[in-house]
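Mapped onto mature numbering (1 follows the signal peptide of the UniProt record, and there is no 0), the consecutive letters of the sequence shown carry residue numbers -22 to -1, 1 to 414.
Backbone N, C-alpha and C define an ideal beta-carbon position, used for all residues, glycine too.
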Amino acid sequence: MRIPSLLAVGLASLGLVAGSLAAPAPAADAAPRARWLLVADPSAHAVSVVDAATGRITGALPGAVLGTHAGVIQMGHGRVAFVDESGPRLDVVDIASSGVPRIASSTPIPAVAGAWTRAGWIADDPGHRFVAVGSDIDGSTTQQVTVVDTRRRMASTATIRTSEVTLATTGERGTEEMETFLVGSPLRLVVSAGGRFDAYDVAAILRGDTAPTPVATTPLGAYPHGPVADAHGTAIGSTLHDGIETMPITRDGFGAPVTRPYPEPAVQSYRPRLAPDGETAVGTQTGTGPGAPTLLTSSSMHGAGVASVALGSGASTRAVVTPGYAAAVVTAGGTDTLSLVARGRSGLYDGAVTTVRLPALGQSPGAGSAARFLAASDDGSELFLSRAGTGSVLEIDVAGTTATVRGTIAVPSALADGGYLATVDPHQRPYDLSGR
C-alpha cells in the first residue's frame, strides 16, 4: 500500500544539483511496463511482491527467508532465483502478469561439506538455465556447490576443496569466501579457491561426480570478495583487497588476467554489480583514513579502464546501476543523501555527480537503525530505498535532472535491518550472472 510522501507538497519535487544525468526521461507516450519490487525481510520470514506503479502488495511467499548475502538472480521473463535459508533450498520464482509470485521449483540444498551456515554466492549461466549455489562454511577448506538444472528440474552437489592463504586483511592464515560462476563453452563451474580460480566440468557434476577434479586452474589475487562476469560469460573477475582482476574464459580454461589497482585508497568493493551494458562492473567502497569519503568505483570487464568518484563521508548502501547513471545513498548524522554519478563517454561511471538530500522517515535511533537498501529499475526511472525499522520503502522517480519523491510503500514487516530490495522487469533481458 502506498502512503503519501512525508514531504510537504511544495518540497516533493527535488532538483538534482552539481551536474546532469545522461539517462533521458521516458517518452510521454511510451506504453506502461509491468514492473515489480521484491521486498524481503529475512528476520521476519517475509518476502512480498509490490506493484511498483501503485505501491500495492500483489503477493507474498509466506515463511521464506531470503538469503541476502547470496541475493537474487534475474533469469528473465519475470523469473528470479534465490536461496531460502529456512530450507535451505533454491527457489525459482515466477512473477505472473498479475504480480502474484509462484514457486516454479524448490530444490533442497544438502549439507555435504559440513554444517550449513548460509549460501555464499550464487550464479547462473548466460542461457539462464543452470544455477550454482555455493556454500559459505566459515574457516573450512571443504566447501560445496549445488548445480541446478532448472529446465530438467534436477540437481547435483559437489564437494569443493579450497586452500588456506595469508589473509590480506589480517596477515594471518585463514580462508576466503568461495565465489561461484557458470561460464564458458563447454559450461564450467568456476570457483575462487584460495589464491586461485578452479574450473570444473558442469556436465560431469550433473552426471553425479560429487568430488570432481578441476579441469583448469589459474592464480588469483588476494582476498576476492565481489564476483563479476560479463553477460555472455566470456570474462570473469573479482574485486580484490587492493584492486580489480579480470580474465577471459577460454575453451581450455583461462586467458591472461588484467589487474589494476583501485584509483583511490579504499576498502574493496564488496558488492559490485554489472551495468546493463553487460560489461561494466560498479560498486561502492569505503575510503581509508578518518573522514575518508565513500567511493563509487566502476571498471571494464574487457579492458584496463577503472575510475572512482567520491560521494561524501558516511555509511553507504550497495550501489545500483542503470544505463545512464549509478547511484548510492550515504547516511551520516541521521541524514540520507542520494548521489547519482553519470555514465561517462568511456562507458565508466565517472561523469557529473548529482546529489539530493532525502526526507527523514522518523526511524528510532539504535543498533542497525542506519541500515539502508537501495534498488533501481532497469531503465533508471525509479529508485527504491528501505530504512531499518520503518516498515516502509521510499519511492523516488528520476527523470532527466529531477528526482521526485513519489511517496512511501508500506510493507508488512519492520525491515529491522533494512531488509532487501530487488526490481523485476519481465521485459528486461538479464545482464548480471551473479546474485545481487
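In the DSSP annotation of this structure, Val180 is not part of any beta strand (DSSP E); the continuous alpha helix (DSSP H) holding it starts and ends at Val180 to Leu184.
Scanning its chain for C-beta atoms nearer than 7 Å, with the 5 sequence neighbours on each side dropped, one finds around Pro250 the residues Gly204, Val206, Thr217, Ala259, Val260 and Gly261, in chain order.
Beta-carbon to beta-carbon, Phe232 and Leu160 are separated by about 15 Å, too far to satisfy the 8 Å threshold. If you draw a straight line from the Cα of Pro197 to the Cα of Ala297, it is about 28 Å long. Take the alpha-carbon of Leu252 and the one of Ala189: they are about 31 Å apart. Around the beta carbon of Glu154, 16 or more other beta carbons sit within 10 angstroms, so the residue counts as buried. Distances from the CA of Ala146 to each of Leu274, Thr380 and Gly173 were compared; the closest alpha carbon is that of Gly173. Per the Cβ contact rule, the region 386 to 401 is not in contact with the region 82 to 101 (fewer than 3 Cβ pairs under 8 Å).
Taking C-beta atoms as the reference points, Val17 and Leu39 fail to come closer than 8 Å. In terms of Cβ geometry, Ser359 and Ala377 form a close pair [threshold 8 Å]. Taking 8 Å as the cut-off, the Cβ atoms of His106 and Pro408 count as close.
In terms of Cα proximity to Thr275, the closest of Thr313, Leu318, Ala310 and Arg151 is Leu318.
DSSP, reduced to helix, strand and coil, places Ser247 outside both helices and strands of the structure shown, so it counts as coil. By the neighbour-count criterion, in which a residue is buried when 16 or more other Cβ atoms sit within 10 angstroms of its Cβ, Ala30 is buried. With contacts defined by Cβ atoms closer than 8 Å, Gly256 and Asp208 form a contacting pair. Taking C-beta atoms under 8 Å as the contact rule, Val61 and Ile115 fail to qualify, at a distance of about 14 Å.
DSSP, read as helix, strand or coil, puts Ala42 in coil. In the structure shown, the three-state DSSP call for Pro226 is strand. As DSSP reads the structure, Ser83 sits in a beta bridge with Val70. The beta strand (DSSP E) runs of length 3 or more contained entirely in the region 148 to 199 are, from start to end of the chain, 158 to 161, 166 to 170, 174 to 179 and 194 to 197. Annotation note: the region 296 to 375 contains no uninterrupted alpha helix (DSSP H) run of length 4 or greater. A Cβ-Cβ distance of about 13 Å is found for the pair Asp179 and Val169, leaving them out of contact under the 8 Å criterion. Leaving aside the five residues that flank Thr140 on each side, the residues in its chain whose CB is nearer than 7 Å to its CB run, in chain order, Thr119, Gln121, Thr153, Met156, Ala171 and Gly172. A distance below 6 Å between beta-carbons, with the five flanking residues on each side excluded, links Thr195 to the following residues of its chain, in chain order: Arg174 and Asp176. Look at Ala293 here: in three-state DSSP terms it is strand. Here the alpha carbons of Gly98 and Arg151 stand approximately 20 Å from one another. Counting of Cβ neighbours within 10 angstroms places Pro79 among the buried residues, the total reaching 16 or more. Pro205: member of the beta strand (DSSP E) spanning Pro205 to Ala207, first to last residue.
Closest in C-alpha terms to Leu15, from the list Ser412, Val371 and Ser391, comes Val371. Counting the other CB atoms within 10 Å of its CB gives Thr191 a total below 16, which places it among the exposed residues.
Excluding residues up to 5 positions away in sequence, Val298 and Leu318 lie with their Cβ nearer than 6 Å to the Cβ of Ala305 in the same chain.
According to the DSSP secondary-structure assignment, Asp62 is paired through a beta bridge with Leu44 and Arg67. For Ala89, the secondary structure class from DSSP, reduced to helix, strand or coil, is coil. Taking C-alpha positions only, Asp187 is separated from Ala91 by approximately 15 Å. Here the alpha carbons of Thr380 and Leu184 stand approximately 50 Å from one another.
Ile81 counts as exposed, since fewer than 16 other C-beta atoms from the protein chains shown sit within 10 angstroms of its C-beta.
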